[in-house]
Every structure is written in structure tokens, then in C-alpha cells.
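Single-structure report; data block below.
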Amino acid sequence: ARRNGGSQLIEFDNEMAETEKRWLDMEVDMRVAQNKQQFYLMYQPKVASQNGALRGVEALVRWQHPEKGFISPAEFIPIAEQSGLIIEIGEWILLQACRQTKQWHEQGIKDLVCAVNISPLQFLHIGFLDTVEKVLQQTGLDPHFLELEITEGVLMHEVSKSTEILEQLHNKGLKVSIDDFGTGYSSLSYLKTFPLDKLKIDKSFVDNITSDDADRSIIKTIIDLAKHLNLIVIAEGVEHQSQLAQLIEYGCDEIQGYYFSKPIMPDELNTFINQQKKS
Ligand code: C2E
Ligand code: CA
Ligand code: CA
Ligand code: CA
453 ARRNGGSQLI EFDNEMAETE KRWLDMEVDM RVAQNKQQFY LMYQPKVASQ
503 NGALRGVEAL VRWQHPEKGF ISPAEFIPIA EQSGLIIEIG EWILLQACRQ
553 TKQWHEQGIK DLVCAVNISP LQFLHIGFLD TVEKVLQQTG LDPHFLELEI
603 TEGVLMHEVS KSTEILEQLH NKGLKVSIDD FGTGYSSLSY LKTFPLDKLK
653 IDKSFVDNIT SDDADRSIIK TIIDLAKHLN LIVIAEGVEH QSQLAQLIEY
703 GCDEIQGYYF SKPIMPDELN TFINQQKKS
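Under full-length UniProt numbering, the first residue of the sequence shown carries the number 453, and numbering increases by one thereafter.
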């Protein structure tokens with residue numbers, strides 16, 4: 453039994469080394485990826501729940517690796533965070549998204565709001581506000597059309613610092629939304645102290661909205677809460693008509709999900725708009 457346990461341990465060590473090596477490889481590859489322009493952004497439409505009209509988009513980063521093919525952001529963003537590379541990559545994402553949004557405005561897609569995911573590390577980084585300012589200046593985008601999606605964890609752990617950053621963003625005219633709302637362990641009292649604009653109900657609740665009483669109650673409660681706090685509420689991961697119907701009944705303002713559209717390339721947005729008008 454002992455020998456067995458020992459070899460298991462070695463196996464475990466090897467697995468650890470494998471994982472570590474994969475991470476290191478990926479970190480090296482990510483540095484190259486930035487220079488070689490292997491990253492690009494796709495955009496997922498957000499629509500008004502009542503009539504399906506386009507309200508905005510969420511920018512989602514993509515990595516096309518020359519040998520390994522497509523790598524999911526769920527896989528590489530955590531590594532970018534752990535290595536600190538997220539600061540550089542995140543700035544590039546912000547710049548790219550603002551540039552694209554400005555371009556859409558110039559093409560006549562007025563009032564389009566673009567949401568950009570901001571990792572906690574990036575949000576708390578010393579130069580973050582300056583970066584936002586710089587990017588807005590560089591692109592000429594009106595800050596009212598830029599929305600930042602952040603998760604609630606960062607706000608809970610760094611309350612005073614977060615308050616300061618949020619207030620400054622608010623003063624600049626940006627919008628802030630809480631991503632994956634309801635999944636972090638957090639007190640709700642922060643909702644009244646921070647200047648926020650929107651709550652995004654996590655896909656994990658939406659998935660079971662038609663089958664699970666508990667998830668349905670949670671969603672209803674989040675929507676009611678948002679209304680009372682004067683926040684806009686959006687649901688992500690909506691794939692079926694039945695989910696949409698329930699969300700509309702509860703008064704959810706905006707919808708994002710495959711039911712309306714998967715993430716698309718920038719030049720596909722006009723097609724999306726035209727299709728929505730017809731339906
Ligand atoms: P997230 O911010 O919660 O983004 C929503 C994810 O759900 C996206 O996956 C989107 O493509 C997917 N999704 C949207 N609607 C549906 C649906 O109806 N059904 C299903 N099955 N999926 C749907 P994606 O693009 O793979 O991104 C995964 C996560 O990676 C994001 O979760 C976010 O945490 C992170 N991420 C993506 N892009 C960025 C970025 O530019 N910066 C940062 N910091 N993180 C990013
Ligand atoms: Ca998001
Ligand atoms: Ca989300
Ligand atoms: Ca999510």
C-alpha cells in the first residue's frame with residue numbers, strides 16, 4: 453500500500469509539473485500572440501427584452517493560436533492574470549473595443565454602448581484610470597457609450613479603493629455593470645454604496661429558470677432588487693424562447709444570449725440589425 457501511495461504521489465507530481473509547464477508555455481505564447489496579432493475581439497449583441505432592438509454589445513476576446521488553434525478566454529485569461537500580462541492585454545482590448553465602437557457610431561449605429569470585461573487585477577491596477585482616460589482620448593469615443601463589466605468579488609475585497617475608482621469612472625460618464633451577479637459570496641449592502649448602473653444575472657441561474665424553482669426565485673429577486681435600486685438588469689446566456697418569456701414576465705430589461713445572437717465579427721453587426729428589424 454505504501455509503495456502504491458508513493459507512486460501515486462509521483463504521478464501527482466508529474467501532473468503538477470505538466471500543468472505548470474502548460475501554463476508557462478501559454479504565458480510565453482501569449483507574449484508572442486500580442487505582437488503577432490493573434491488576439492482579436494468578437495462582439496455579442498445585447499437587446500431590449502421587449503422588442504429585441506439592439507442596445508449594445510459585449511466585447512469578448514479571442515485567441516487564434518497558430519498551432520493549438522482556438523484557445524478559450526476562460527482558459528487563457530486566468531493565466532494572463534496570474535502572470536500580470538492581463539494589464540497589457542486588457543489595455544489592448546479596451547483600445548480595440550473603443551475604436552470599433554467609435555467606428556460603428558460613425559457608420560450611423562448611434563447610441564450603441566460597448567461593454568468591456570475588466571479583470572479584477574486590471575481594475576485595481578494603479579494606472580487603470582489613466583489608461584481609460586488615454587484610450588477615450590485616443591479614440592474620441594464619448595465615455596457614455598463605454599460600459600465596464602466587473603465581478604463583485606473585487607468590490608468586496610477592496611471596498612474603499614473600489615469606491616474611489618467607481619466614483620471617478622462615474623464622474624467621467626462611464627457605465628459600470630456587475631458581471632455574473634449572484635455567483636460571488638457577497639453582502640448586498642455594497643449595492644447602495646457603490647455608484648453602479650447595471651446588474652448582469654449569471655447564465656447559471658438562467659440555465660434552469662424554467663426547471664428549477666430556486667433559480668427562478670433567485671432571478672425574480674435579483675430583478676426586483678435591481679428595480680428598487682434603480683439599476684438596469686440584464687440576463688446572460690439566454691438560449692430559449694421559454695427563458696426569454698419568463699425573464700420578460702419578471703421585468704428583465706435586457707437580454708444577451710444565443711437566442712438572439714452568438715458573438716459576431718464587427719462587420720456582421722449591420723446584418724444583425726437588419727434581421728432584427730424584419731422580425
Ligand atoms: P463572461 O463575461 O460571463 O462572458 C459570457 C460568456 O458566455 C462568453 O464566453 C459568451 O460567448 C458566452 N455566452 C453568451 N451567451 C451564451 C449562450 O446563450 N449560451 C452559452 N452557452 N454561452 C453564451 P467567452 O467569450 O468564451 O468568455 C468566457 C469568459 O472569459 C467571460 O465570461 C469572461 O469572464 C472572460 N473574458 C472573455 N473576454 C474577455 C476580455 O476581453 N477580458 C477579460 N478580462 N475577460 C474576458
Ligand atoms: Ca462579461
Ligand atoms: Ca457574465
Ligand atoms: Ca458568466
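Here a beta-carbon is modelled for each residue, glycine too, at the ideal position from N, C-alpha and C.
Asked                                                                                                    : Found
Proximity below 8 Å, CB of Phe491 to CB of Trp515                                                        : yes
Cβ-heavy atom distance, Asn569 to ligand 2, below 7 Å                                                    : yes
Own chain, CB closer than 7 Å to Glu706, minus 5 neighbours either side, in chain order                  : Lys498, Val499, Ala500, Ser501, Arg507, Ile684 and Ile686
Asp654 CB to nearest heavy atom of ligand 2 below 7 Å                                                    : no
Those residues which DSSP pairs with Glu510 across a bridge                                              : Gln496 and Ala567
Val480 burial status per 10 Å Cβ neighbour count (16 or more: buried)                                    : exposed
DSSP three-state assignment for Asp465, whether helix, strand or coil                                    : helix
Val690 versus Asn660 - alpha carbon distance                                                             : 10 Å
Asp667 beta carbon near ligand 1 (any heavy atom closer than 7 Å)                                        : no
Cα-Cα separation between Leu699 and Asp665, rounded to whole angstroms                                   : 14 Å
Endpoints, alpha helix (DSSP H) assigned at residue 734                                                  : Here the chain covers residues 453 to 731 and nothing more, so residue 734 does not appear.
Cα-Cα separation between residue 732 and Met608, rounded to whole angstroms                              : Nothing can be reported for residue 732: it is not among the residues displayed for the chain, which extend from 453 to 731.
Distance between Asp465 and Arg455 (C-alpha atoms, nearest Å)                                            : With a pLDDT of 49 at Arg455, under the threshold of 50, the predicted position of this residue should be treated as unreliable, though the coordinate-derived value follows. Cα-Cα distance, rounded: 15 Å.
At least three beta-carbon pairs within less than 8 Å, the region 557 to 567 to the region 587 to 606    : yes
Assigned secondary structure, Thr603 (DSSP; H/G/I helix, E/B strand, else coil)                          : strand
One or two residues paired with His517 in a DSSP bridge                                                  : Gly521
Residue burial classification, Ala453 (beta-carbon count within 10 angstroms, cutoff 16)                 : With a pLDDT of only 39 at Ala453, under the threshold of 50, the placement of this residue in the model should not be trusted; the figure read from the coordinates follows. By the neighbour-count rule (16 or more Cβ atoms within 10 Å), Ala453 is not buried but exposed.
Selected residue, minimal CA-CA separation from Leu573, among Gly605, Val587 and Gln559                  : Gly605
Sequence ranges, beta strand (DSSP E) only - wholly within the region 567 to 652, length at least 3      : 598 to 603 and 627 to 633
Helix, strand or coil at Glu527 [DSSP, three-state]                                                      : helix
Minimum C-alpha distance to Ile538 - residue among Gln728, Leu576 and Gly521                             : Leu576
Beta strand (DSSP E) segment containing Val685, residue limits                                           : Ile684 to Ala687
Check: Ile545 C-beta below 7 Å from any heavy atom of ligand 1                                           : yes
heavy atom of ligand 2 below 7 Å from residue 735 C-beta                                                 : Missing from the structure shown is residue 735; the chain here goes from 453 to 731 and no further.
Buried or exposed by the 16-neighbour rule on C-beta atoms within 10 Å, applied to Gln708                : buried
Reference Pro647; option with closest CA among Gly625, Gly636 and Phe528                                 : Gly625
Member of Val509, Leu593, Val628 and Glu619 whose CA lies at the smallest distance from the CA of Leu547 : Leu593
Straight-line Cα distance separating Val584 from Ala505                                                  : 28 Å
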